[in-house]
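Have a look at the structure below before the remarks.
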Amino acid sequence: MTGSRPHRSRLAAALRPAAFGADPAGERMERIRRSPNFRDGVFVNPEGARTRPSGSMLTFLPTYFRKEERIRRAPAGPVPVHPTTLADLAVPPASGLRLTWMGHSTVLAEIDGRRVLFDPVWGSRCSPFAHLGPKRLHPTPVPLRELGPVDAVVISHDHYDHLDMPTVRALVRTGTRFVVPLGVGAHLEHWGVPADRVTELDWHESTEAAGLTLTATPARHFCGRALRNTQHTLWASWVVAGPEHRVYHSGDTGYFSGFAEIGAAYGPFDATMIQIGAYSEFWPDIHMTPEEGMRAHLDLQGGEPARGIMLPIHWGTFNLAPHPWEEPAEGTVTAAEAAGASVAVPRPGLPFEPERGLPLDYWWRAIAARPASGAPDTTAVSAEPPAPAGTTGGTDPAVPVPQP
Numbered sequence: 000m001t002g003s004r005p006h007r008s009r010l011a012a013a014l015r016p017a018a019f020g021a022d023p024a025g026e027r028m029e030r031i032r033r034s035p036n037f038r039d040g041v042f043v044n045p046e047g048a049r050t051r052p053s054g055s056m057l058t059f060l061p062t063y064f065r066k067e068e069r070i071r072r073a074p075a076g077p078v079p080v081h082p083t084t085l086a087d088l089a090v091p092p093a094s095g096l097r098l099t100w101m102g103h104s105t106v107l108a109e110i111d112g113r114r115v116l117f118d119p120v121w122g123s124r125c126s127p128f129a130h131l132g133p134k135r136l137h138p139t140p141v142p143l144r145e146l147g148p149v150d151a152v153v154i155s156h157d158h159y160d161h162l163d164m165p166t167v168r169a170l171v172r173t174g175t176r177f178v179v180p181l182g183v184g185a186h187l188e189h190w191g192v193p194a195d196r197v198t199e200l201d202w203h204e205s206t207e208a209a210g211l212t213l214t215a216t217p218a219r220h221f222c223g224r225a226l227r228n229t230q231h232t233l234w235a236s237w238v239v240a241g242p243e244h245r246v247y248h249s250g251d252t253g254y255f256s257g258f259a260e261i262g263a264a265y266g267p268f269d270a271t272m273i274q275i276g277a278y279s280e281f282w283p284d285i286h287m288t289p290e291e292g293m294r295a296h297l298d299l300q301g302g303e304p305a306r307g308i309m310l311p312i313h314w315g316t317f318n319l320a321p322h323p324w325e326e327p328a329e330g331t332v333t334a335a336e337a338a339g340a341s342v343a344v345p346r347p348g349l350p351f352e353p354e355r356g357l358p359l360d361y362w363w364r365a366i367a368a369r370p371a372s373g374a375p376d377t378t379a380v381s382a383e384p385p386a387p388a389g390t391t392g393g394t395d396p397a398v399p400v401p402q403p
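Take a look at the structure:
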């Protein structure tokens, strides 16, 4: 019997795609066990959260596969990706802070002369497989190889739409540093990132990178890439502070009372990047609606709507939930108007400086499968020249449960 164990190990390795990553072990696992956020063998949320779809799948599936609603989950035309991103990035931001939303949760933040790349995903699908899983609905605004030097890559958690193996392997060659939640370093090292270029943090731990302070803060979500989700990798939101500016990136999270505590401890922020897409009544605790996202932004800013600007993320690029494609943007704009808060909803690839604001361009309305009710004439509010046509990936048959 003992002679069969190496064979079983080789078979298990062959059946486990490299994109699944690796499970924490050794000293990394010992550190995880010492975390105050690790109890009864798993990482736990700051507030209770259901991490699997609630309600009957017999109720969910007809809603998801109904033709009319399936059509509305993708844009009806090409997403207008900003055409001159690289040229715009070549000019330093006058204010010292500039954000470029590359799509989904990927944001390039230029902070006081340094560059931080959040949740970079350049892959065509957020999936461990090349031909299965949610497909990108618009092209990346710039080729990764042309993006230029990055001082730090920050990962919020290990789901495929936030941690993309091909993108990580490309970034390894740039010599950049990776700052990630506890346990996620096991995936990176499995894909060839040197251990001395990976910093793993627990909630409320900080590290310095190129003169910036990066702090992992709590989030209400979950983790996992393989078929057996051990919940041994942490999820986090992030605060990045420079000498003059500070920003917040939510990663994926449900709404919870901890936003106010994060704001009190690390804010206020010049900009918040807040998840407002891929929500559903079937998983209400782990993704925020636009209204909840605006509430989180206000909590982070100490209840002061005039502070900073909110950039909505986690929408528009992949079909991951049953809501209409344009609904996160519409809901965020409506919530911002009601709160008197500043919000920027740029086309993918459009760099903007929060201090200068961004004229609101309802660009998504022209390509929504069904025009938003009451949508004004967008030609009167366009803030940039028309972009060349991008590509759309269409809808994907995978059920959009937000887990691997």
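Its first residue numbered 0, the sequence shown is counted upward by one per residue in numbering that gives the first Met the number 0. In this text, a Cβ means the ideal position worked out from N, Cα and C, and glycines have one as well.
Distance between Glu329 and Met101, taken at the CA atoms: about 19 Å.
DSSP, reduced to helix, strand and coil, places Arg15 outside both helices and strands of the structure shown, so it counts as coil. Only residues of its own chain outside the window of five on either side were considered, and among them none has a CB closer than 7 Å to the CB of Arg32. The beta carbon of Val197 sits closer than 6 Å to the beta carbons of Phe177, Gly184, Leu187 from its chain, once the five residues preceding and following it are set aside; these are given in chain order.
Secondary structure at Met164: helix, using DSSP grouped into helix, strand and coil. Counted as a single uninterrupted DSSP element, the stretch harbouring Tyr278 is not any alpha helix (DSSP H), since DSSP gives it neither H nor E. Counting only the Cα atoms, His130 lies some 44 Å from Arg306.
DSSP places His248 inside the beta strand (DSSP E), whose first and last residues are 245–248. Boundaries of the beta strand (DSSP E) harbouring Pro180: 176–180, taken from the DSSP string. In this structure, Gly262 places its C-beta atom within 8 Å of the C-beta atom of Leu299. Just so you know, the alpha carbons of Ala18 and Ala151 end up roughly 22 Å apart. The C-beta distance from Gly292 to Pro311 rounds to 7 Å, short enough to fall under 8 Å. Residue burial annotation: Arg71 is buried, with at least 16 other C-beta atoms found within 10 angstroms of its C-beta.
Comparing alpha-carbon positions, the option among Asp111, Asp284, Ala368 lying closest to His322 turns out to be Ala368. Around the Cβ of Leu213, a 10 Å sphere holds 16 or more other Cβ atoms; the residue is buried.
In chain order, Arg168, Val171 place their CB closer than 7 Å to the CB of Gly191, counting only its own chain and leaving out the 5 sequence neighbours on each side. For Thr216, no alpha helix (DSSP H) segment is defined; the enclosing uninterrupted segment is the beta strand (DSSP E) at 211–216. Put simply, the backbone Cα of Ser94 is about 10 Å away from that of Glu243. With respect to the 8 Å criterion, Pro140 and Thr84 are classified as neighbours on the basis of their beta carbons. At a Cβ-Cβ threshold of 8 Å, Gly250 and Ala218 count as neighbours.
Between Leu319 and Ala259, the gap from beta carbon to beta carbon reaches 8 Å or more. Distances from the CA of Trp362 to each of Pro35, Pro77, Glu68, Pro16 were compared; the closest alpha carbon is that of Pro77. Leaving aside the five residues that flank Phe42 on each side, the residues in its chain whose CB is nearer than 6 Å to its CB run, in chain order, Asn36, Gln230, Leu233.
As far as DSSP is concerned, Gly40 takes part in no beta bridge. For the 8 Å CB-CB criterion, Val342 and Met309 form a contact. DSSP lists Gln274 as the beta-bridge partner residues of Ile312. Rounded to whole angstroms, Val179 and Pro289 show a C-alpha spacing of 26 Å.
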